[in-house]
Amino acid sequence: MYLVLESIESRAKAPMTNDEKEIPMPRESLQTLYEHELKDLYSAEKQILEALPKMINAASHPDLKASLTEHKAITEKQVDRLDLIYKELGKQPENEKCKGMEGLLKEGDKAIEEFSDSDVLDAAIIAAAQRVEHYEMAGYGCARTYANMLGFSDQAELLQVTLDEEGEADHRLTDLAEECVNIDAMKV
Ligand SMILES: [Fe+2]
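Okay, structure coming up:
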């Protein structure tokens with residue numbers, strides 16, 4: 000063990016070879032992570048926009064249908080905000096699919112196929128939608144914090160607006176579930 004440590008230490012102290020000096024190391028920073036988070040959120044929002052019509056169609060409770068329909072319009076504005084942020088950064092949104100959101104939406108899709116009772120299905124749609132909201136809230140919260148730390152205060156404000164909207168949507172879904180949808184599902 001001592002010999003291994005000694006060889007690591009001597010390697011660390013050894014001067015870089017010419018080959019090592021010539022390899023440009025990619026520079027990663029909080030800004031790299033910020034842009035990664037934005038890319039993830041952009042793809043997540045786009046996937047949500049595609050998935051919402053099926054969820055709206057599958058929902059029965061009028062308040063749930065209305066809430067999801069309203070959230071679709073809100074999501075379009077959230078994409079616009081991300082576009083604005085990209086414009087400010089002088090970058091184009093990358094076309095890389097967010098696998099986390101893809102998985103969550105696939106599970107939601109599976110629930111729609113699995114439950115046939117309309118009340119239980121409504122409760123399952125709320126559960127799926129809340130998973131989506133929580134994923135987004137985590138992403139927007141991190142991105143907002145990074146933007147603030149990087150001095151992009153305007154971008155942080157835009158991200159905070161979306162974060163607040165996701166939080167409100169989540170609370171509305173909780174109220175809807177607790178006040179009627181879950182209760183109706185219990186009566187089955
Ligand atoms: Fe969203």
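Taking numbering that gives the first Met the number 0, the leading residue of the sequence shown gets 0, the next gets one more, and so forth. Built from N, CA and C at the ideal position, the CB exists for glycine as well. Note that this is a predicted model, so its numbers are computed, not measured.
Closer than 7 Å: residue i CB and nearest ligand 1 heavy atom
i	result
Gln77	yes
Glu95	no
Thr74	yes
Glu165	yes
Glu156	no
Ile47	yes
Reduced DSSP secondary structure (H/G/I, E/B, other) of residue i
i	result
Gln91	coil
Cys141	helix
Leu149	coil
Glu165	helix
Ile7	Bear in mind that a pLDDT of 44 at Ile7, under 50, signals an unreliable position, so the number given afterwards is only what the model happens to contain. Helix, per DSSP.
Closest Cα partner of residue i within the set the options
i	options	result
Tyr33	Glu165, Arg80 and Phe151	Phe151
Ser59	Glu106, Phe114 and Asp82	Phe114
Leu103	Val180, Ala43, Met185 and Glu156	Ala43
Arg171	His35, Ile84 and Glu132	Glu132
Residues near residue i in its chain [Cβ-Cβ closer than 7 Å; skip 5 each side]
i	result
Ala122	Ala176, Val180, Asn181 and Ala184
Chain-order list of residues whose beta-carbon lies under 6 Å from that of residue i (same chain, five-residue window excluded)
i	result
Cys97	Asp39, Ser42 and Ala43
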